[in-house]
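Each residue of the sequence shown is one higher than the one before, counting from 551 in the working numbering.
The beta-carbon is built from N, C-alpha and C at its ideal position, and this holds for glycine as well.
Everything below concerns the one structure shown next.
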Amino acid sequence: MMFRNIQGILTVFSFVLLFTFLIQPIPASACSCARPPDPLTAKDRSAAVFTGKVLQVNERTDWLRWLPFWDKPERGGFDVIFEVQSTWKGVDQTQVQIVTSGLGGACGIPFQPGQEYLVYASYWELNELETNICTRTVMKSDAREDLLALGPGAMPISSANLVWNDYVFTGTVVITSAGIFLYLFWFQTKRRR
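This is how it looks when you write it as structure tokens:
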């Protein structure tokens with residue numbers, strides 16, 4: 551009887567020990583920035599510079615990071631879709647998506663829908679345009695110095711629609727239509743028998 555209790559305890563302990571090897575720690579980081587360069591140097595160092603109005607901000611969730619032994623870079627933070635007003639570099643469409651890290655110690659910018667910003671963005675780890683508080687990205691109302699130094703920007707020349715709600719609506723309509731069509735086809739086939 552005592553042997554069974556010890557065997558049960560050892561079994562539970564073995565599972566707990568095995569489970570701890572599968573858990574990966576979440577690294578912590580603090581945001582530390584050097585003073586950003588002047589507007590023209592920041593433009594030269596950035597892949598994209600534009601002014602735009604925030605249309606959507608969506609939090610990213612990276613479920614792959616919970617897989618054991620997953621060693622690819624994790625990309626949390628926020629996807630931000632802008633309606634581009636003026637562009638100086640790297641953006642020629644009417645809408646663009648920018649990634650910003652999480653808030654707090656991850657250096658992310660708390661973009662607000664409906665607000666206008668001057669954005670300096672670069673391609674980083676996952677080949678996506680990204681920005682953070684260490685760049686000269688700022689609300690447009692606070693960007694007077696930068697806008698004077700950059701001069702007049704160009705208007706975007708090609709149209710784009712990146713707003714996710716539009717895609718969700720279109721996808722829902724297509725899937726619903728296909729479901730109705732398949733149901734009617736099945737109903738007609740069954741009725742003929």
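Presumed contact (8 Å Cβ cut-off) between residue i and residue j, rounded CB distance
i	j	result
residue 683	residue 659	6 Å
residue 596	residue 705	That belief does not hold up - the Cβ atoms of residue 596 and residue 705 are roughly 19 Å apart, past 8 Å.
residue 673	residue 686	The pair is not a contact, with the Cβ atoms about 17 Å apart (cut-off 8 Å).
residue 646	residue 628	Between residue 628 and residue 646 the Cβ distance is about 14 Å, and since that is not below 8 Å, they are no contact.
residue 632	residue 650	Residue 632 to residue 650, Cβ: 11 Å. No contact.
With 16 other Cβ atoms within 10 Å as the buried cut-off, status of residue i
i	result
residue 598	buried
residue 716	Bear in mind that a pLDDT of 48 at residue 716, under 50, signals an unreliable position, so the number given afterwards is only what the model happens to contain. Exposed, since its Cβ has fewer than 16 Cβ neighbours within 10 Å.
residue 638	buried
residue 752	There is no way to answer for residue 752, as the model of the chain reaches only from 551 to 743.
residue 590	exposed
residue 726	exposed
residue 602	buried
residue 679	buried
residue 681	buried
residue 728	exposed
beta-carbon residue i near the ligand ADP non-hydrogen atom, thresh 7 Å
i	result
residue 609	Inclusion of the ligand ADP in the displayed structure is not the case, the ligand content being empty and no account of it being possible.
Reference residue i; option with closest CA among the options
i	options	result
residue 634	668, 661 and 607	668
residue 711	640, 605 and 652	605
residue 709	610, 627, 609 and 641	641
residue 785	632, 602, 661 and 592	Here the chain has residues from 551 to 743 only, and residue 785 is not among them.
residue 587	695, 561 and 691	695
residue 691	703, 728 and 665	665
residue 610	630, 594 and 600	630
residue 703	739, 652 and 600	600
residue 584	657, 693, 652 and 689	657
Chain D within 8 Å of residue i, Cβ atoms only
i	result
residue 595	Note that chain D does not occur in the displayed structure, where there is just one protein chain.
Requested in this report: Quick one: which unbroken alpha helix (DSSP H) runs of 4-plus residues sit fully inside the region 616–704? Chain order, please.
Outcome: When DSSP assignments are scanned along the region 616–704, the uninterrupted stretches of alpha helix (DSSP H) that are 4 or more residues long and fall wholly within it turn out to be 694–700.
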